Amino acid sequence: MADADPAPSSPAVGALPSHTELDESQSELLLKLEELKELGYTLLQNLQNWRSKLDTQVKTYKDELSGYKKTLKTELEWLRSEFKDLRTTLQMQQDDVTMSLTDFRMHLNELKNQKISRWRMASGNWKLLRQPLIQSKN
Numbered sequence: 001m002a003d004a005d006p007a008p009s010s011p012a013v014g015a016l017p018s019h020t021e022l023d024e025s026q027s028e029l030l031l032k033l034e035e036l037k038e039l040g041y042t043l044l045q046n047l048q049n050w051r052s053k054l055d056t057q058v059k060t061y062k063d064e065l066s067g068y069k070k071t072l073k074t075e076l077e078w079l080r081s082e083f084k085d086l087r088t089t090l091q092m093q094q095d096d097v098t099m100s101l102t103d104f105r106m107h108l109n110e111l112k113n114q115k116i117s118r119w120r121m122a123s124g125n126w127k128l129l130r131q132p133l134i135q136s137k138n
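Read left to right, the sequence shown gives residues 1 to 138 (the UniProt record's numbering).
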């Protein structure tokens with residue numbers, strides 16, 4: 001046979017790493033993986049601690065707000081009661097003033113009528129005595 005085609009040659013590949021180098025590389029990767037696991041565990045612990053502290057703070061703030069709400073509600077009820085009492089007192093005072101003013105007007109009219117009667121008697125004008133006296137205007 002004449003020249004036979006030689007088998008195609010594979011591309012040139014550098015020397016493959018030795019078994020020892022692969023073992024060392026695997027050990028380094030496992031060590032880094034273990035470090036990352038520990039770091040992840042530490043981060044998880046830190047996150048859980050932070051979350052626990054945050055939950056505690058939230059509960060504390062909620063309790064404080066609940067206390068403030070109760071106090072505010074109590075004070076609001078007290079203020080409503082006080083305003084109701086003040087309103088009642090003010091209404092009573094207004095009624096008293098109205099009655100006093102009415103009584104005062106009536107008293108003034110009586111005094112006015114008495115003065116007119118005295119003047120009529122003193123002036124000798126007896127005809128005016130038959131006319132009705134000034135009536136109070138309510």
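Glycine is no exception: its CB is placed at the ideal position from the N, C-alpha and C atoms. It should be emphasised that the depicted structure is a prediction, and the values quoted were computed from it without experimental measurement.
Item                                                                                                     : Value
Complete runs of the beta strand (DSSP E) confined to the region 98-123 [at least 3 residues]            : none
Alpha carbon of residue 19 to alpha carbon of residue 33, nearest angstrom                               : 21 Å
Straight-line gap, residue 22 to residue 15 (C-alpha atoms, nearest Å)                                   : 13 Å
Close Cβ partners of residue 190 (< 6 Å) along its chain, the five nearest in sequence each way excluded : Residue 190 lies beyond the range of the chain shown here (1 to 138); nothing can be said about it.
For residue 18, three-class secondary structure by DSSP                                                  : coil
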